[in-house]
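Taken in order, these protein sequences are the chains called V and U.
Each residue of the first sequence is one higher than the last, beginning at 1 in my numbering.
Each residue of the second sequence is one higher than the last, beginning at 1001 in my numbering.
In this text, a Cβ means the ideal position worked out from N, Cα and C, and glycines have one as well.
Okay, so here's the structure we're looking at.
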Amino acid sequence: MAGASLIERLRDPSETALGVLLLAPAFLLLALIVVYPIGTLIFNSFFDLRLSGGSGMKFVGLENYLLVLEDADFWNATWNTVLITLITVPGALVAGLGLALLANLPFRRQWPVRLALLLPWALPLAFAGLIFAWFFHTEYGVVNDVVRRLGFGSEPTMWLLRPGWAFAAICLTIVWKTSSFMALILLAGLQMIPRSLYEAAQVDGATRWQQFWQITIPMLMPSIIVALIFRTITALQTFDIPYTMTKGGPGNATETLAMLIHKTTIDYLDVGYGSTLAVFMFVLSLAVTTVYLRRIGRQA
Amino acid sequence: MTLPRGRPLTLLAAAIVVVNGFFPAVWILLTSLKSEAELVSKPITWWPRDPTLANYVQAFTDQPLLRYLGNSLAVAVLSTILSLVVAALAAYAIARLNLRHRQLILTCIVASSMFPLVTLLVPIFQTMRSLGLLNTYTALVLPYTVLNLPVCTLVLVSFFQSIPRDLENAAMIDGCTRLGALWRVVVPLAAPGVFTAGILAFVNAWDEFLLALSLNASASMRTLPVGITLYQGEFTFPWPIISAALVVAIVPVAVLIAVFQERVVGGLTQGGLKG
Chain V
1 MAGASLIERL RDPSETALGV LLLAPAFLLL ALIVVYPIGT LIFNSFFDLR LSGGSGMKFV
61 GLENYLLVLE DADFWNATWN TVLITLITVP GALVAGLGLA LLANLPFRRQ WPVRLALLLP
121 WALPLAFAGL IFAWFFHTEY GVVNDVVRRL GFGSEPTMWL LRPGWAFAAI CLTIVWKTSS
181 FMALILLAGL QMIPRSLYEA AQVDGATRWQ QFWQITIPML MPSIIVALIF RTITALQTFD
241 IPYTMTKGGP GNATETLAML IHKTTIDYLD VGYGSTLAVF MFVLSLAVTT VYLRRIGRQA
Chain U
1001 MTLPRGRPLT LLAAAIVVVN GFFPAVWILL TSLKSEAELV SKPITWWPRD PTLANYVQAF
1061 TDQPLLRYLG NSLAVAVLST ILSLVVAALA AYAIARLNLR HRQLILTCIV ASSMFPLVTL
1121 LVPIFQTMRS LGLLNTYTAL VLPYTVLNLP VCTLVLVSFF QSIPRDLENA AMIDGCTRLG
1181 ALWRVVVPLA APGVFTAGIL AFVNAWDEFL LALSLNASAS MRTLPVGITL YQGEFTFPWP
1241 IISAALVVAI VPVAVLIAVF QERVVGGLTQ GGLKG
């Protein structure tokens, strides 16, 4: 290869050179959109930096961090985010498992069921929020209509105007929207369980209930864990559905951490403080991801 | 688990899944066909008494819905193409080349999707603002490309790995260069994988809300989710028009996934289960 010209080498590069060449665009983009921003984020969190005034940047050390810890809005938003995660992740898992078990039955036509699982997945979160906000409309919503038809409550519930009800409506919407992706992942897992296991269990006299807990759940565990990780990471970032359903209201009863960061940075243009909030969010996600990965590591 | 095989029970199960999946979309379709007067009459009607298309006409004339549709399409298509090209190159290197730390490289790319997007929002907003890129397609196309990189790379790596190496070797023995073999043999065979990854990327970009809301908020640059959410009525939130706009926005993606459902499911579970 000593005498090979540059063109020759470009036409048939060595493995390593080709590898670097092929991976370069991906890593360049990651550097630009992920690594560099994370660096800027941490840097900015030590400054008083507002884009609204012309005051420029002022180094304030850890002041932003201390302010965050004393900020009632921050704790409110963090609590809401954690609560939404704790409710909707198990909720979506149970609903998704139910849907997957139903969808796994031997149907003559598969496509209506499959499409029914795909449609909520493909629907933008913002649209799900808008549609369910209409469902939960006090006067003209279908939910209150069904409640009335069933004969409960003479007064219509003001779903999105009362803190507790608004929170419940948001959680329900998130569970509906996310359970279908869960179901698709779990359905794929169900279909990989060999029939022979169930046949053997039947020969041994195991009931359906025993088969479910002794075969289905253990065999499904890898899929469940993957689905849970994905769901938890996205639940911590909840933004679209509360934003389109209540804008965080009433008051800030349904404001999540992502909504607080968005408001601080985009609406108030307070980049310094917004960055500090985002650092806290980053640490929270990192902590959760690490715990999950540890547990998987222990199981493997 | 062998659940009851009886027809009525199976049909009931199917009905539950189908109603759960379709009801919101069907309800919004019914709402969009009702007149404003019918919509605010109580008790509410389920089936439109007097179906009308007036809401659709208004949805297109009141606000630049066509413009939103165009914006969404442009951003989704451009970012899909870009992430496919970048992911295909990276996936080929990971699946085929004799590189050290291949698993580490793949983990790096996938781990980038673990970063909460909202934490990246602050610096990305700042950077785009200082570069004067707010309210341009570029502001969304670049982040969306990165957003889709992990799932595209995962799907494509597993597709490339399923193509027998011998085919490539045979092409090289017959005088193809390495890149020639990649272009003439691997790319055509990987077309189904590229297509699957493309649909997933398209739907992801089509659905994104937070960045679109923050970076492209000016009326002429809004994507569909942002445009419809920020619809302003004169007095109240205009539900009839919103419903019509939602139907217009949902139909293209619904058709896309209905036609290619098997591929979408395959891609999702591949991208998901290996993540």
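Sixteen is the threshold: since fewer than 16 other Cβ atoms of the shown chains lie within 10 Å of the Cβ of V/Tyr268, the residue is exposed. Counting of Cβ neighbours within 10 angstroms places U/Ile1241 among the buried residues, the total reaching 16 or more.
Beta-bridge pairing by DSSP links U/Leu1104 to no other residue.
Residues of chain U with a Cβ closer than 8 Å to the Cβ of V/Pro250 do not exist; the shortest Cβ-Cβ separation is about 16 Å.
For V/Lys177, no beta strand (DSSP E) segment is defined; the enclosing uninterrupted segment is the alpha helix (DSSP H) at Pro163 to Gln191. When V/Ala100, V/Pro124 and V/Leu123 are compared, the shortest CA-CA separation from V/Val113 is found for V/Ala100. Going by C-alpha positions, V/Gln210 is about 21 Å away from V/Pro106. Look at the stretch 251 to 265 of chain V: the residues with a C-beta under 7 Å from a C-beta of chain U are Ala258, Ile261, His262 and Thr265. At a cut-off of 8 Å between beta carbons, V/Pro242 makes no contact with chain U.
In the DSSP assignment, V/Asp240 falls within the alpha helix (DSSP H) that extends over Asp240 to Met245. The three-state reading of DSSP puts V/Arg108 in coil, since its state is none of H, G, I, E or B. Below the 7 Å Cβ cutoff, chain V contributes Leu115 as neighbours of U/Ala1258, in chain order. For V/Leu125, the uninterrupted alpha helix (DSSP H) segment begins and ends at Leu125 to Phe135. When 7 Å is used as the limit between beta carbons, U/Tyr1092 is near these residues of chain V: Leu22, in chain order.
Not a single CB atom of chain V sits nearer than 8 Å to the CB of U/Trp1047. In terms of CA proximity to V/Phe181, V/Leu119 leads the group V/Val146, V/Leu119 and V/Arg50. At a cut-off of 8 Å between beta-carbon atoms, U/Leu1167 makes no contact with chain V.
In the pairwise beta carbon analysis, the stretch 148 to 159 of chain V is classified as not touching the stretch 216 to 230 of chain V: fewer than three pairs are separated by under 8 Å. Leaving aside the five residues that flank V/Ala183 on each side, the residues in its chain whose CB is nearer than 7 Å to its CB run, in chain order, Gly96, Leu99, Ala100, Ala103 and Leu117. Residue pairing of V/Asp48 in beta bridges, as defined by DSSP: V/Lys58.
Proximity to V/Thr289 across V/Ile233, V/Met259, V/Met219 and V/Ala17 peaks at V/Ile233, based on C-alpha coordinates. Here U/Lys1034 is buried: its Cβ has 16 or more other Cβ atoms, across all protein chains shown, within 10 Å. In the same chain as U/Ile1124, and ignoring 5 residues on each side of it, the C-beta atoms closer than 7 Å to its own belong to Pro1143, in chain order. For U/Leu1073, no Cβ of chain V is located within less than 8 Å of the residue's own Cβ.
Among the residues facing chain U, V/Phe74 is not included, as its CB has no counterpart in that chain under 8 Å away. Just so you know, the alpha carbons of V/Thr85 and V/Ala235 end up roughly 5 Å apart. Assignment of U/Asp1207 by DSSP, reduced to helix, strand and coil, places it in the helix class.
In this structure, the beta-carbon distance from U/Ile1094 to U/Leu1082 does not fall below 8 Å. When the five nearest sequence neighbours on each side are left out, the beta carbons in the same chain lying within less than 6 Å of the beta carbon of V/Thr254 are those of Ala166, Phe167, Ile170, Pro242, Thr246 and Gly248, in order along the chain. Annotation for U/Ser1158: the continuous alpha helix (DSSP H) segment containing it runs Tyr1137 to Ser1162.
About 7 Å separates the beta carbons of V/Leu260 and V/Phe74, which is inside the 8 Å limit, making them a contact pair. At a cut-off of 8 Å between beta-carbon atoms, V/Gly96 makes no contact with chain U. In the displayed model, V/Asp145 falls within a helix according to three-state DSSP.
With 16 or more other CB atoms across the displayed protein chains lying within 10 angstroms of its CB, V/His137 is buried. Rounded to the nearest angstrom, the gap between the Cα atoms of V/Asp145 and U/Thr1229 is 24 Å. At least one CB atom of chain V sits nearer than 8 Å to the CB of U/Leu1099.
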